[in-house]
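Read the structure below first, then the notes.
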Amino acid sequence: MLSGRLTVDLGMGVMGLTAGDLVIMDTNAPLRNEAYDVHVATLSMASRRLEDMVGPLDGLHGLVAHGEQTELYISFIRSLLESLPKLEERSLPGLTTALGGLLASMIEVRRGSENAFAQSGQNTRLLELQAVVDARLSDPDFGPEEAIVEVGLSRATLYRALRAQGGLAKFILARRLEYVRRLLSHPGEDRRFGVIARAAGFEDESQANRAFLARFGTRPGTYRAAVQRAEPDEQFRTWQRELR
């Protein structure tokens, strides 16, 4: 909330929101709201992207943060909205990473010290695993067994941490596809898709093509063309694709 007043019912009772408040909501769930001269910055984000940023989403629907908890986040969003039309596309992934860090930090504070401690431990394990996976993406032989050995955690611990992501194999596939998508988004990247797919550890270009379509809802060539021909005034929509 940047200004004004908003009343919202997310199924847990009516809440009043004012400037400086932030609410996280699942748009698949029913909701009602009434706005009063309101200026709201709304970021629509795919659940899997949010999960990559902040960890498991349990209990996030309806979470409201106030005051000092949101000050840094709102300042970032204000600056982003002002600067986005002038930014180069290659800077967009970094903005998404910064947004994720701010969101994760704010959610930890809001959830309270005991829950935040548990969540922080979970997030730390996921970040450690992500670093291991990302460092080995180009190796087509790298899979769940190798990840378990390198990250130094038990199979049971990893599968508990990755339950929401569908397990370790799906997590590794998602990281490979995210790497491909980022390369396709880069204006200076002119390698053909097969070369990019192999750089992400895919041995079969057709398999990579099908997996990309299944995850992002568009074929790699179509995605690359759409991103690279975007005009400056389309930058916000381009960045929104970073959140999908």
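Taking my numbering, the leading residue of the sequence shown gets 1, the next gets one more, and so forth. Glycine is no exception: its CB is placed at the ideal position from the N, C-alpha and C atoms.
Within this structure, are the beta carbons of Ile24 and Leu72 separated by less than 8 angstroms? no
CA nearest to the CA of Thr18, picked from Ser138, Pro220 and Gly4: Gly4
Do Arg155 and Pro93 have their C-beta atoms within less than 8 angstroms of each other? no
Mark Gly245 as exposed unless 16 or more other C-beta atoms lie within 10 angstroms of its C-beta, in which case mark it buried. With the chain running from 1 to 244 in the structure shown, residue 245 is simply not present.
Check whether the Cβ atoms of Leu102 and His61 lie closer than 8 angstroms to each other. no
Just to confirm the assignment, what range does the beta strand (DSSP E) spanning Val38 have? Arg32 to His39
Given a cut-off of 8 angstroms, decide if Gly221 and Phe193 are closer than it, judged by their beta-carbon atoms. yes
If I measure Cβ to Cβ from Leu213 and keep anything under 6 angstroms in the same chain, skipping five residues before and after, which residues do I get? Arg219
Tyr36 burial status per 10 Å Cβ neighbour count (16 or more: buried): exposed
Could you give the first and the last residue of the continuous alpha helix (DSSP H) run that contains Asp52? Ser47 to Val54
Measuring alpha carbon to alpha carbon, tell me which residue in Glu34, Arg32 and Arg48 is nearest Arg163. Arg48
The alpha helix (DSSP H) with Ala147 in it runs from where to where? Pro144 to Val151
Could you name the residues of the same chain whose beta carbon sits closer than 7 angstroms to that of Met53, not counting the 5 residues immediately before and after it, in chain order? Gly100, Leu103 and Ala104
Between which two residues does the alpha helix (DSSP H) carrying Ser138 extend? Looking at the DSSP string, Ser138 is not in any alpha helix (DSSP H), and its letter there is neither H nor E.
Own chain residues within Cβ distance below 7 angstroms of Ile77, not counting five before or after: Ala41
Looking only at DSSP bridge pairs, what is Thr7 linked to? Gly16 and Glu34
Ignore the nearest five residues each way along the sequence and tell me which others in Gly171's own chain have a CB closer than 6 angstroms to its CB. First, the residue type needs correcting, since residue 171 is Phe and not Gly in the sequence shown. Closer than 6 angstroms at Cβ, skipping near neighbours: Leu162 and Gln165.
May I ask which residues mark the beginning and end of the beta strand (DSSP E) holding Ala65? Leu63 to Ala65
Terminal residues of the beta strand (DSSP E) in which Leu320 lies: In the structure as shown, the chain begins at 1 and stops at 244. Residue 320 is therefore absent and cannot be evaluated.
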